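For the sequence shown, counting from 1, position 516 maps to 516 in UniProt numbering; every step adds exactly one.
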Amino acid sequence: MTQSPGQGQALDNLLTESRTFPPSAEFAAQANARPELYEEAKADREAFWAKQAERLHWETKWDQVLDWSNAPFAKWFVGGKLNVAYNCVDRHVESGHGDQVAIHWEGEPGDSRAITYAELQREVSKAANALASLGIGAEDRVAIYMPMIPEAIFAMLACARVGALHNVVFGGFSAEALRTRIQDSACRLVITTDGQYRRGTPAPLKPAVDEAVAGAPSVEKVLVVKRTDTEVAWTDKDVWWHELVDSQPDQHTPEAFDSEHPLFILYTSGTTGKPKGILHTSGGYLTQTSYTHHNVFDLKPDTDVYWCTADIGWVTGHSYIVYGPLSNRVTQVVYEGTPNTPHEGRHWEIVQKYGVSIYYTAPTLIRTFMKWGADIPAKYDLSSLRVLGSVGEPINPEAWIWYRENVGGGKAPIVDTWWQTETGAIMISPLPGVVSTKPGSAQRPLPGIGAKVVNDEGVEVEHGGGGYLVLDEPWPSMLRGIWGDEERYRDTYWSRFGEQGFYFAGDGAKYDDDGDIWLLGRVDDVMNVSGHRISTTEVESALVSHPTVAEAAVVGASDATTGQGIVAFVILRGGAGDDAGGAEAIKALRDHVAKEIGPIAKPRQIMVVPELPKTRSGKIMRRLLRDVAENRAVGDVTTLADSSVMDLISAGLQSDK
Ligand code: WTA
């Protein structure tokens with residue numbers, strides 16, 4: 001069995017990794033991307049993007065490509081009008097592809113459904129009519145809290161069709177996390193299911209909605225899809241999807257909206273306890289998701305079968321399951337469940353069943369597959385795979401090579417794609433068929449994108465040097481702000497390198513000797529656990545909201561499978577019960593975090609300590625706690641207000657063992 005190394009070791013390897021894999025002549029000859037794209041974009045960036053926007057159907061053409069006069073608030077394709085859902089659905093039917101399968105949906109218990117573009121058009125139209133019948137229209141906000149079932153995609157596209165903003169909340173988030181996300185954007189409608197399948201068993205989902213809605217007065221109706229047939233409590237706000245949607249006419253005339261009409265809000269963790277509602281708009285977002293999906297994944301709509309394993313609760317699901325792929329007339333697999341239900345070969349079984357040719361996943365899952373063993377994918381016919389993608393965190397070269405050998409048959413190009421919820425679409429990635437790939441490096445900004453590695457002063461570092469990743473040109477799918485908080489938008493992204501006008505991504509990066517970019521992880525208090533962004537402050541606030549906790553500090557410690565694991569240090573209140581610090585008390589705290597945020601935020605480890613290391617100004621020195629969490633000798637303690645604190649912590653932990 002292959003073991004993946006810890007992140008520290010992976011980083012060392014990463015800095016000495018020098019293998020490259022040139023594209024085969026055969027792949028290069030048929031590739032969508034061409035080397036000239038880089039030159040074209042450099043010669044005239046705006047003309048380049050205007051050309052990409054022509055991939056879409058515009059009801060009214062724009063009269064200005066970019067208006068950056070009110071930076072950092074961009075307007076792209078100013079004056080243009082389009083309907084995003086029409087672009088993802090109807091125009092494919094109108095061009096004679098109504099019988100093409102859009103979605104091969106695979107349910108966790110083994111049920112499946114093939115949905116053609118013609119059927120998708122009918123389903124989305126019915127859902128749009130249902131939204132209209134509930135009085136939902138342009139600019140209204142709709143929360144979607146659902147498992148990976150076709151109705152989740154119908155619901156998103158129906159919102160886009162009527163001009164409402166969807167606010168998709170990952171189905172693994174708690175009622176409390178759902179409530180704050182509904183309230184912050186004052187959603188009028190919530191779309192959910194009775195339950196969801198998780199690892200082979202139905203689990204209720206609607207009770208969390210009931211709890212959230214009880215504390216969110218903006219919600220007028222809750223539309224409920226029956227998925228697991230779980231019995232649910234019913235309130236006068238609730239409406240069954242099958243009663244309302246199924247009785248609607250299956251035709252709906254889409255209205256064209258302004259290019260800058262808001263499309264969705266998606267909450268993501270920042271460095272404070274409050275998640276940020278990232279706002280995306282229509283024309284620029286769809287242009288860049290469509291362009292990147294076409295070139296980075298080399299999609300051939302007539303022959304490829306594409307599969308992105310993300311959940312629609314994250315931005316990857318928005319941009320690379322819904323908008324990019326469907327705008328390109330994809331045939332794709334959507335899978336509801338977990339990768340080891342009912343067995344560890346489930347993904348490969350699905351690849352074989354549908355002849356998947358493009359597969360896009362996260363490094364944490366690749367490392368999990370490595371742990372399960374190469375003999376599992378070897379049992380299936382994976383010869384249809386021709387492009388592999390990675391997203392969400394740096395991929396260590398060992399995992400990259402394993403992926404290439406054991407999934408890609410030693411030949412499929414791997415695209416390591418760097419981007420964020422805020423960037424809306426892929427920004428840095430090799431172009432398959434054009435660029436020789438390098439294990440562990442996302443390599444270079446896509447044509448039309450400006451990215452640099454700079455030092456503290458905002459000066460670009462030399463080849464071989466490291467610093468911060470910045471984006472130095474506005475891009476079409478960039479966020480248009482944080483919902484309801486202009487100040488925070490400016491502060492978070494545009495103040496760090498305000499003088500230079502750079503967007504600060506929050507990631508560390510370096511150039512290798514060829515000038516290729518290697519991402520090195522977050523430089524702020526955001527953790528990356530299995531590719532999910534979780535802020536240390538958010539978990540700390542959850543912990544201190546428990547009656548037994550006086551103070552808490554949270555760090556992300558290297559984890560061989562999940563990238564980072566959450567490690568919490570807590571000070572308990574005096575006399576916090578007989579079992580203070582015992583297994584029961586720790587379990588109660590972990591469960592409390594799951595209840596406050598969601599199971600994905602449960603600390604891997606909680607250590608009870610007598611003190612926390614703080615500077616004279618009271619700032620917690622997480623660096624020292626990280627040393628403890630990663631079992632290293634504790635670093636420089638001279639800036640601590642009380643330098644004996646670390647001895648106290650270490651001594652306490654020793655005696656626990
Ligand atoms: C990290 C996910 C290295 C990075 C699309 C970024 C990556 C954060 C990569 C955004 C990659 C994403 N290599 N790191 N290929 N892709 N990241 O908003 O730290 O969930 O800032 O968007 O994930 O996470 P988000």
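Cβ coordinates follow ideal geometry from the N, Cα and C atoms, glycine included.
Computed from a predicted structure; not experimentally measured.
Beta carbon of residue i nearer than 9 Å to that of residue j
i    : j    : result
T289 : G313 : no
G442 : W418 : Correcting the residue type first, residue 442 is Ala in the shown sequence and not Gly. Yes, the pair counts as a contact, with Cβ atoms nearer than the cut-off.
I191 : A160 : no
G582 : V567 : no
V225 : T201 : no
Y511 : Y503 : no
L286 : G277 : no
V84  : Y117 : no
A186 : G195 : no
A406 : P377 : Here residue 406 turns out to be Asn, not Ala, going by the sequence shown. Contact: yes.
W49  : L37  : no
F569 : V554 : yes
D250 : S133 : no
R590 : P603 : yes
H104 : Y354 : yes
T562 : V608 : no
R181 : V213 : no
Start and end residues, alpha helix (DSSP H) containing residue i
i    : result
G389 : Looking at the DSSP string, G389 is not in any alpha helix (DSSP H); the run it does join, the beta strand (DSSP E), is 387-391.
R626 : 622-629
T289 : 283-296
G324 : 324-327
L178 : 175-184
Separation of residue j from residue i, as counted between CA atoms
i    : j    : result
A164 : G137 : 5 Å
A29  : Q100 : 26 Å
L648 : P610 : 7 Å
E538 : V549 : 15 Å
A158 : G531 : 28 Å
D525 : G96  : 50 Å
I586 : I606 : 7 Å
D90  : Q420 : 29 Å
T316 : A310 : 6 Å
G80  : G389 : 32 Å
T292 : A425 : 7 Å
E255 : I321 : 23 Å
V307 : T331 : First, the residue type needs correcting, since residue 307 is Trp and not Val in the sequence shown. Using only the alpha carbons, I get a separation of about 9 Å.
R34  : V351 : 28 Å
D236 : L189 : 13 Å
A130 : I482 : 29 Å
R632 : D304 : 48 Å
A155 : S327 : 16 Å
M427 : L520 : 16 Å
G408 : R55  : 30 Å
H343 : E108 : 11 Å
R444 : S259 : 28 Å
W518 : V454 : 13 Å
G6   : P262 : Note on G6: pLDDT 37, under 50, position unreliable in the model; the coordinate value appears next. Distance between the alpha carbons of G6 and P262: 41 Å.
L279 : N87  : 20 Å
S643 : G508 : 29 Å
P397 : G515 : 18 Å
T60  : G284 : 14 Å
H252 : F264 : 21 Å
G501 : L471 : 9 Å
T361 : F369 : 11 Å
First through last residue of the beta strand (DSSP E) which encompasses residue i
i    : result
I414 : 414-417
I153 : Element bounds for I153: not the beta strand (DSSP E) but the alpha helix (DSSP H), 150-162.
L520 : 517-522
M146 : Careful: M146 lies outside any beta strand (DSSP E) and carries neither H nor E.
Q196 : 195-198
I606 : 605-608
R533 : 532-535
Contact the segment 173-188 vs the segment 206-218: 3+ CB pairs below 8 Å: yes
Taking 7 Å as the limit, name every residue whose beta carbon sits nearer than that to some heavy atom of ligand 1, in sequence order. T268, W314, V315, T316, S390, V391, G392, E393, P394, I395, D416, T417, W418, W419, Q420, T421, E422, A442, A505, G506, D507, L519, G521, R522, N528, G531, H532, R533
Segment contact flag, the segment 449-466 with the segment 268-275, C-beta cutoff 8 Å, min 3 pairs: No, they do not touch.
Taking three-plus beta-carbon pairs below 8 Å as touching, is the segment 402-415 in contact with the segment 426-437? yes
Touching or not, the segment 477-493 and the segment 60-77, by the rule of three or more beta carbon pairs under 8 Å? yes
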